[in-house]
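Novice: Starting off with a structure, shown below.
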Amino acid sequence: MHKYLMTSFGLAGTKSLNKFLFSRSAMDDIKKVYNNSCNDGVLLRMGLNDNKAGMQGLDKEKINKIIMEATKGSRFYENELKKDKQLNQRIEKMMQLKEKITSQQLLKAQLQVDKLVMELEQSRNLSCTIVHIDMDAFYAAVEMRDNPELKEKPIAVGSMSMLVREILAEYDPNFMPMGLDEAYLNITEYLEERLNWPEDKRRWYFNTESTTENDKQDINMSAKFSLNEDAFSSSPLLFEDNASLTDDHPEQRGPSVVNSVVFGTSAEEVVKEIRFRIEQKTRLTASAGIAPNTMLAKMCSDHNKPNGQYRITPERQAVLDFMKDLPIRKVPGIGKVTEKMLKALGIVTCSELYQQRALLSLLFSEASWHNFLDVSLGLGSTHLEKDGERKSMSTERTFSEINTAEDQYSLCRELCRDLAQELQKEGLKGKTVTLKLKNVNFEVKTRASTVPSSVSTEEEIFAVAKDLLGTEIDTVSPHPLRIRLMGVRVSGFLSEEEKKYQQKSITNFLKSGKEISFLRLEPGKSNQEYCTKNSEATPRGSFFDKKRAARQQNNEDLFLNEMVDKQLFHDRKSSANFMEEKSKVTTIQNSAACKIFTCPVCFEEQRSSNLEELNRHLDECLAGSLVKDTVEISKNKNSKENTFNFFQCCKNENVEVCQKNKTDQLAGTCQSTSTSGNSARNSTEKFTQIVVDKPHEERQPSQLSDMAQNVCIKQSLLPKRIPLENADHLEKPENIEETSSSCFFEAKEDNVLVCPVCNLEQKTTSLMSFNRHVDICLNKGIIQELTEKNDCPTKTYNMENSDRVGLDLQLHSQYQKRPSQAIPSIQLKCFLSDYVAMCSV
DNA sequence: GCGGATCAC
DNA sequence: TATGGTGATCCGC
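Residue numbers (my numbering): 128 to 968.
Here's what the structure looks like:
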């Protein structure tokens, strides 16, 4: 646990780490060295700078080591020098520009800027009460907690998104977590409500455990550690104002009242209460800031850190007083580079920032000087903006030098694979692929390429990335490209608007005529037989992967992706009237945009836009020579109009080689459908692929039996679901499990379930869990949309693994920033009923 | 749209 | 021990 936590939190940032690496006295040492050295600015650039936050706890040896390291001419250091030189040049340029400014120009600028100041002043909003909560010494505190010398005791260490759920949401249901250890709350409304609350509603109890002798010891340890001698834990400091210890009313409600405290109704009291509850819950302290806007609140929380709080009252003068002597480096958004540039202009404090406003408007970009002006006036955001849509996703890795093209390509592919998995988890596809390289001299390069249709699979991304990499390798040729970092990023995602549009189009398309599906189960064979695959495939080299790779090589586009990306959307952007275009496409059969239809079986373009004809072709194609002996085709006349046809890949040992490709394509198309499931809203289809767990190396890609036995079972639930047990051509397996959402099969214990969407092995042997996972993979976006839209109070169904202990700590950083995307649970019934409603419209 | 850079966490 | 990873944004081109 401990190791994990440290790993997880360790990603958060050097600022925080520095806090624990350097004490004040140590900083003095650093400064001495710094002042005596000829390495002007470099140490500052390297982050040995205590302006931003206090530094604590540390030994001189470490610092000397680091300085030694820094001065001995390492590649890293050389690069820092180089960057610093560049910055100095930038500053030089700025100073030259400054010299050219005439007093006339400055005067004019002054008038202009002051006009803006007037406007800004008029729009100043002091009516909100924003709180910023910042967990103290998060890493070290966790480490302390897990230190075996402190007695072993279970503690509730959690992230902000956990305190979400458990504490912060009570004060602001829309509070905004920022990473693992910070959050903003708007408690304006809550404060009004609380005014009328009786004392009992504001009473909180000490954790009974904390009254034991052991805990007193614990508190002492922690107090030492927190470096704030008078302010740890449930210290008197926390309750010195209105809050009263109420051990004088033991009659009120049993013995526990003795250990309770009542908080008042002011903002300060509320924040004390929050901090008290956080500490009782996690045994970690928090600092907090209270102010009329987010920027001020954040700076306030830093003001009395650790384990303190500070409030800027909602008065203009109080705001300006706070800002007056504040070093600009304390301002969020002003980093070490901006600090140095401003310092060159003689600007160190926020009041100086205000004094030089005219000059700044002439030297910096509009966005920059506007921001400077806001800062110097103490203006900031008064509402907590919801995180918007994700704009990019990336993965990068640092390693010891890699200099052979072969290794670089294989690494690149690996990164693409990882990224593809993450993208598919969120159902994202992007048009721009960016390759990032850092050479052994620490020089960073990015190379980007934007392609016409969005990409999301390993192969698709790699196809772009490998070209970018190749270009870079060629550029340095005949020398080898020597790198220490490689990264791949995908950006340019479809907007939510475009996604909705796409989903509706697909839904309508599927509803409009016959359903198309690519598998049918063979009568007389148990589903278990289809599910259990006696092959040597592994997740990474799975059947689907092979098909995908083959498809990529042949430049064959995915059926539905093709439909969506290229046909449905073909003319959309050029259309001036979106709504018009929308209605045009929803009746896809008549759409002029849909001129070309790619048959998923023969992969040939069909010129007809008539769905009947297309279906006829499809039927013929499937019924024809392609699949004669091995694949049985059925139009399934017994089913109603919208039921799914099942085509079957039967377990025939005598599959002819010439038929393999077609069958491959068939299965490949099956995969296409599944990967595009997010957009297609075929939300409850499940593809179950079970393979025997065998080593990767033993895989035989060309084994026909492998291919033939690797059967997708597609269970179609909606819009017109055929319950498996009711489909007369299907034999219900004995251990079938029926639930509200789907039919499940039980996996054999020694089998491994592989999600066909994300291609990851699933730890569970329960098909229920597995299906749940596939559902998540396929439908994340849709589920989220639906659950957001509906608020019916049905039972909450946890969609994540049930063994999700401490998940909040394991969330990937994109989830840290976007807790709403973590989708910890959904209201399944709502989702299903809504889905039916939607599909039947 | 691309590439470098800055910033936050 | 040797110096992270992810995401957003801005600016100049």
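Note that beta-carbon positions come from the ideal geometry of N, C-alpha and C, so glycine has one too.
Assign residue 494 to buried or exposed, taking buried as 16 or more other Cβ atoms, counted over all protein chains shown, within 10 Å of its Cβ.
Specialist: Against the first sequence, residue 494 aligns to sequence position 367. So residue 494 ends up on the exposed side.
Novice: Looking at C-alpha atoms only, which residue of 468, 526, 504 and 471 is the closest neighbour of residue 477?
Specialist: The residue given as residue 477 occupies position 350 in the first sequence. Taking only the C-alpha atoms, the option nearest residue 477 is 504.
Novice: What does the Cβ neighbour count give for residue 202, buried or exposed, with the cut at 16 atoms within 10 Å?
Specialist: Numbered from 1 along the first sequence, position 75 holds the residue referred to as residue 202. Residue 202 should be labelled exposed.
Novice: Are residue 333 and residue 393 touching if we call contact CB-CB under 8 Å?
Specialist: On the first sequence, residue 333 is found 206 positions in, with the first residue counted as 1. On the first sequence, residue 393 is found 266 positions in, with the first residue counted as 1. For residue 333 and residue 393, no; Cβs fall outside 8 Å.
Novice: On a CA-only basis, which of 302, 510, 479 and 513 is nearest residue 500? Give me that one, please.
Specialist: Reading the first sequence from its first residue, position 373 is the one you call residue 500. Among 302, 510, 479 and 513, the Cα nearest to that of residue 500 belongs to 479.
Novice: Sorted by chain position, which residues of the same chain lie with C-beta nearer than 6 Å to residue 519's C-beta, five sequence neighbours on each side aside?
Specialist: Residue numbering aside, residue 519 sits at position 392 when the first sequence is read from its first letter. Only 616 and 618 meet the Cβ criterion.
Novice: DSSP three-state call for residue 496: helix, strand or coil?
Specialist: In the first sequence, residue 496 corresponds to position 369, counting from 1. Three-state result, residue 496: helix.
Novice: Would you call the region 406-415 and the region 247-261 touching, i.e. three or more CB-CB distances under 8 Å?
Specialist: The region 406-415 is in contact with the region 247-261.
Novice: With three or more beta-carbon pairs closer than 8 Å as the criterion, would you say the region 536-549 touches the region 584-593?
Specialist: These segments touch.
Novice: Just checking my contact of residue 562 with residue 596 at CB under 8 Å: how many whole Å lie between their CB atoms?
Specialist: On the first sequence, position 435 is the one that residue 562 refers to. On the first sequence, position 469 is the one that residue 596 refers to. Their Cβ separation, rounded to whole angstroms, is 6 Å, which keeps residue 562 and residue 596 in contact under 8 Å.
Novice: Assuming residue 969 and residue 622 make a contact with CB atoms under 8 Å, what is their CB distance in whole Å?
Specialist: Because the chain is modelled from 128 through 968, residue 969 falls outside the range shown and cannot be assessed.
Novice: Could you tell me the alpha carbon to alpha carbon distance between residue 575 and residue 598, rounded to whole angstroms?
Specialist: Mapped onto the first sequence, residue 575 falls at position 448. Mapped onto the first sequence, residue 598 falls at position 471. Going from the Cα of residue 575 to the Cα of residue 598 covers about 11 Å.
Novice: List the endpoints of the continuous beta strand (DSSP E) containing residue 589.
Specialist: Within the first sequence, numbered from 1, the residue matching residue 589 stands at position 462. That residue, residue 589, is in no beta strand (DSSP E); its alpha helix (DSSP H) goes 585-603.
Novice: Buried or exposed: which applies to residue 496, given that a residue is buried once 16 or more other Cβ atoms fall within 10 Å of its Cβ?
Specialist: Here residue 496 corresponds to residue number 369 of the first sequence, with the count starting at 1. Buried, because 16 or more other Cβ atoms sit within 10 Å of the Cβ of residue 496.
Novice: Among 215, 239 and 210, which residue has its Cα nearest to the Cα of residue 488?
Specialist: Here the question's residue 488 lines up with position 361 in the first sequence. Nearest of 215, 239 and 210 to residue 488, Cα basis: 239.
Novice: Do the CB positions of residue 560 and residue 591 come within less than 8 Å of each other?
Specialist: Locating residue 560 in the first sequence gives position 433, counting from the first residue. Locating residue 591 in the first sequence gives position 464, counting from the first residue. Cβ distance < 8 Å, so residue 560 and residue 591 count as in contact.
Novice: So, at 6 Å on beta carbons, what are the nonlocal neighbours of residue 600 in its own chain, with the 5 sequence-adjacent residues on each side left out?
Specialist: Looking up residue 600 in the first sequence gives position 473. These residues qualify, in order along the chain: 532 and 608.
Novice: Just mark residue 581 as buried or exposed, buried being the case when its beta carbon has 16 or more other beta carbons within 10 Å.
Specialist: As a first step, residue 581 must be located in the first sequence, where it is residue number 454. Per the 10 Å Cβ criterion, buried.
Novice: Leaving out the 5 sequence neighbours to the left and right, which residues in its chain are closer than 6 Å to residue 441 when beta-carbon positions are compared?
Specialist: On the first sequence, position 314 is the one that residue 441 refers to. Excluding sequence neighbours, residue 441 sits near 253 and 419.
Novice: By Cβ distance, which residues of its chain are closer than 8 Å to residue 471, with the 5 residues on each side in sequence left out?
Specialist: One-based indexing of the first sequence puts residue 471 at position 344. So the qualifying residues of the chain are 218, 221 and 222.
Novice: In this structure, what does DSSP give as the bridge partners for residue 437?
Specialist: The residue given as residue 437 occupies position 310 in the first sequence. Paired residues: 416.
Novice: Could you tell me whether the Cβ atoms of residue 1016 and residue 464 are closer together than 8 Å?
Specialist: In the structure as shown, the chain begins at 128 and stops at 968. Residue 1016 is therefore absent and cannot be evaluated.
Novice: Do you know how far the Cα of residue 530 is from the Cα of residue 948?
Specialist: Stepping through the first sequence from its first residue, residue 948 is reached at position 821. Stepping through the first sequence from its first residue, residue 530 is reached at position 403. The predicted position of residue 948 is uncertain, since its pLDDT is 31 and thus under 50; no value can be drawn from it.
Novice: Can you grab the Cα-Cα spacing for the pair residue 491 / residue 205, in whole Å?
Specialist: As a position in the first sequence, residue 491 is number 364, starting the count at 1. As a position in the first sequence, residue 205 is number 78, starting the count at 1. Rounded to the nearest angstrom, the two C-alpha atoms are 29 Å apart.
Novice: What does the alpha-carbon distance come out to for the pair residue 121 and residue 289?
Specialist: With the chain running from 128 to 968 in the structure shown, residue 121 is simply not present.
Novice: Quick one, which of 467, 402, 469 and 502 has its alpha-carbon nearest residue 248's?
Specialist: Along the first sequence, one-based indexing puts residue 248 at 121. Checking every option, the nearest Cα to that of residue 248 belongs to 502.
Novice: Find the nearest neighbour of residue 527 within the set 449, 578, 610 and 450, judged by alpha-carbon distance.
Specialist: As a position in the first sequence, residue 527 is number 400, starting the count at 1. If we check each option's Cα against that of residue 527, 610 comes out closest.
Novice: From the DSSP output, read off the bridge partner residues of residue 303.
Specialist: If you number the first sequence from 1, residue 303 lands on position 176. Bridge partners of residue 303: 311.
Novice: Determine the burial state of residue 102: buried for a count of at least 16 other Cβ atoms within 10 Å of its Cβ, exposed for fewer.
Specialist: Residue 102 lies beyond the range of the chain shown here (128 to 968); nothing can be said about it.
Novice: What residues are listed by DSSP as bridge partners for residue 620?
Specialist: To locate residue 620, count along the first sequence from 1; it is residue 493. For residue 620, which the question treats as bridged, DSSP gives the partners 557.
Novice: Select from 424, 447, 452 and 564 the residue whose C-alpha is nearest the C-alpha of residue 436.
Specialist: Taking the first sequence and counting its residues from 1, one reaches residue 436 at position 309. Among 424, 447, 452 and 564, the Cα nearest to that of residue 436 belongs to 424.
Novice: How is residue 526 classed by DSSP in three states: helix, strand or coil?
Specialist: As a position in the first sequence, residue 526 is number 399, starting the count at 1. Residue 526 falls in the strand class under three-state DSSP.
Novice: On the criterion of 16 or more Cβ atoms from any shown chain inside 10 Å, does residue 469 qualify as buried, or is it exposed?
Specialist: In the first sequence, residue 469 corresponds to position 342, counting from 1. By the 10 Å Cβ count, residue 469 comes out buried.
Novice: Among 566, 389 and 578, which has the Cα closest to the Cα of residue 606?
Specialist: Within the first sequence, numbered from 1, the residue matching residue 606 stands at position 479. Ranking 566, 389 and 578 by Cα distance to residue 606 puts 566 first.
Novice: What first and last residue would you give for the beta strand (DSSP E) that runs through residue 259?
Specialist: Mapped onto the first sequence, residue 259 falls at position 132. Unbroken beta strand (DSSP E) run through residue 259: 257-262.
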